[in-house]
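Quick note, the sequence shown lines up with residues 1 to 507 if you use my numbering.
The beta-carbon is built from N, C-alpha and C at its ideal position, and this holds for glycine as well.
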Amino acid sequence: MASLLSFTILPKPNLTKVACSSSSTATTLSPPEILTLDQKFGRKGIKFSDSGDVELTVRNGSSLKLRIPDGHITSYKPKVYWKDDGFEEILYTLPGTDIGSSVTSTTTSATKAKGGIGLVIENVNASDPNFRPSRVITSEWSVKDVDSDSIDAVQVELSSTSGTLDLTYIVSLYPLSMATAVIVKNNGGQAVNLTGAILSHFKFKRRSGTGIQGLQGCSYCTHPPLSSPFEILSPAETMKTEDPAWFSFTWEPEKKPGVWTTQDVPITILKNKLSRVYSVPPSERSKQFYTTAPTKYETLDQGRELFFRVIRIGFEDIYVSSPGSLSKKYGEDYFICTGSGSLLVPVVVNPGEEWRGAQCNNTPASIYTKKRYFPLPGVASIPYPVPTPINVDYLESEFSGHGVTFEDISDSCVVKMGLENGSLATVMLPSGLITSYKASMWHGGLLELLHISVSEGEDGSDLVIQGGVSLAFKIESDDDDESIQVCLLMTKDWPLLFSLDLFSDGK
């Protein structure tokens with residue numbers, strides 16, 4: 001994070017003397033000039049608007065929008081290479097009817113924007129279970145300072161007070177990442193117990209291609225999020241159960257709140273509804289040694305071939321929730337809510353001390369330079385033989401895009417894949433036979449590398465396709481010796497057979 005600069009010399013109000021007669025004994029001063037936020041803090045890469053918003057922009061064009069009064073981040077567009085305009089909206093935000101300070105007191109039906117990235121902090125009493133948590137951030141944020149570093153890093157610092165607590169909220173933007181940090185200082189004479197989180201709502205192209213990875217081996221339990229003004233689903237809505245979606249073969253019902261289990265798979269599919277906290281069970285934190293939750297994890301958007309890394313600093317817990325079928329209430333895009341927090345065990349801030357927490361949402365350089373494929377489990381084909389025709393419409397709606405199309409041919413399906421350089425490949429389902437591979441050549445044309453033959457079947461009704469690329473497994477067992485043979489057969493003008501033999505003795 002770029003260091004904040006100390007601005008001790010800001011434009012001062014102009015004091016102008018008004019001319020008076022010689023008999024006058026008093027001098028009248030004009031009222032001080034009121035400077036806008038843009039006049040005080042605006043600079044290249046930091047632009048304030050009259051509606052109470054500030055837009056941060058860095059050299060490569062990545063941008064971020066922040067609402068100053070409530071500290072709500074409503075947009076984050078990092079640089080990507082595969083779009084015409086070069087930028088991709090990462091956050092899922094439902095626009096509100098109010099626009100900062102432009103909403104007058106006569107507007108009674110105004111609603112705030114939901115989603116995006118928001119900070120929520122609550123004051124709790126760990127020793128009194130009947131104590132009702134109170135929201136700490138009750139007043140509006142104000143701009144305290146700004147900073148920039150040759151427009152490769154820009155930063156806005158907001159401040160607020162709540163009783164004896166001084167709060168600082170810092171939002172930073174970099175070419176390939178953004179960060180949010182909070183500092184809470186206790187100026188009172190008694191310790192305070194705080195729970196809090198920085199919750200991000202990420203947008204995804206489709207429900208079936210949404211997941212997270214990096215939490216394997218971490219303990220988790222079903223738990224609601226903290227209530228906040230930015231929530232799309234309330235804590236009660238996140239805890240409601242629903243039936244799984246179709247083709248959820250590995251689905252298991254969520255555990256009851258307070259029941260801990262361990263993440264045993266590398267990728268968690270967020271197709272169905274869930275609300276979890278990944279962390280160390282509070283009962284184990286008193287041990288001398290215990291395994292902490294990962295400091296980072298990644299969200300996976302298979303539809304856009306985009307992944308996004310979330311890094312926690314200072315917080316103990318990771319919150320993850322997905323809306324399941326409830327997402328249809330808010331639009332065609334899918335979304336999840338996730339972020340760093342301290343939800344299970346309150347943070348104790350003693351008198352005169354301060355506590356700091358931060359979260360970095362990192363856009364790895366690979367999405368700027370190349371795409372990435374995520375092998376999320378999905379029904380892309382049906383086991384052969386096929387009892388019923390393949391549902392091509394379903395495959396087209398769920399898996400098409402980025403050069404992949406599905407076409408119906410009798411009881412089979414043809415999958416066509418194409419790259420930007422013109423290279424093409426064709427796969428037959430359900431057999432998995434690769435019938436064509438046309439590679440892009442240096443002269444700008446395409447060269448077919450595979451050879452196939454098409455003939456009629458014995459009864460003259462069905463066509464038989466031979467050649468191309470096919471995969472075969474052969475498993476043999478002789479007494480105590482086992483072997484597995486994998487064969488890849490490729491044909492052009494002559495057949496080529498590659499064989500790999502695996503034996504139980506490791507050879």
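For Phe41 and Asp145, the gap between their C-alpha atoms comes out near 7 Å. For secondary structure counted as the beta strand (DSSP E) over 3 or more consecutive residues, the segment 413 to 440 holds these complete runs in sequence order: 424 to 429, 434 to 440. Residue burial annotation: Met428 is buried, with at least 16 other C-beta atoms found within 10 angstroms of its C-beta. The DSSP-derived three-state label of Ser283 is helix. With contacts defined by Cβ atoms closer than 9 Å, Gly189 and Pro294 do not form a contacting pair. DSSP, reduced to helix, strand and coil, places Pro346 within a strand of the structure shown. Cβ contact annotation for Val347 (same chain, cutoff 6 Å, sequence separation greater than five): Leu194, Trp355, in chain order. The C-beta distance from Val120 to Leu226 rounds to 5 Å, short enough to fall under 8 Å. Contact annotation: Met239 and Pro229 have beta-carbon atoms that are not nearer than 9 Å. Burial state of Asp317 is buried, judged by a 10 Å Cβ sphere holding 16 or more other Cβ atoms.
Counting C-beta pairs closer than 8 Å gives three or more between the segment 296 to 309 and the segment 198 to 206, which meets the contact rule. Within the same chain, Cβ atoms closer than 6 Å to the Cβ of Ile269 are found at Gly211, the five residues on either side in sequence being excluded.
A Cβ-Cβ distance of about 5 Å is found for the pair Glu55 and Lys65, placing them in contact under the 8 Å criterion. Nearest neighbour of Ile73 by Cα position, chosen from Asp53, Ser62, Gln466, Asn60, turns out to be Asp53. If you look at Ser397, you'll find it in the alpha helix (DSSP H) that goes 392 to 399. Here Gly211 carries a strand assignment [DSSP, helix/strand/coil].
Of all alpha-carbon atoms in Gln466, Leu424, Ser470, the one lying nearest the alpha-carbon of Glu448 is that of Leu424. When the five nearest sequence neighbours on each side are left out, the beta carbons in the same chain lying within less than 6 Å of the beta carbon of Leu274 are those of Glu254, Ser322, in order along the chain. A residue is called buried once 16 or more other Cβ atoms fall within 10 Å of its Cβ, and Met178 is buried on that count.
Bounds of the beta strand (DSSP E) holding Lys203 are 192 to 204. Per DSSP, Thr222 is one residue of the beta strand (DSSP E) stretching across 219 to 222. Remark: C-beta atoms of Ser219 and Trp260 approach each other more closely than 9 Å. In this structure, Thr222 is the residue among Asp166, Asp152, Thr222 with its C-alpha nearest to the C-alpha of Lys256. DSSP places Ser327 within a helical segment (H, G or I) once states are collapsed to three. Membership of Ala358 in the beta strand (DSSP E) is indicated by the continuous run 354 to 362. Annotation for Asp408: the continuous beta strand (DSSP E) segment containing it runs 404 to 409. Gly196 sits close to Glu122, with the two beta carbons spaced by under 9 Å. Separation of Pro389 and Ser412 (C-alpha to C-alpha, rounded to the nearest whole angstrom) is 7 Å. Annotated three-state conformation of Lys185 is strand, per DSSP.
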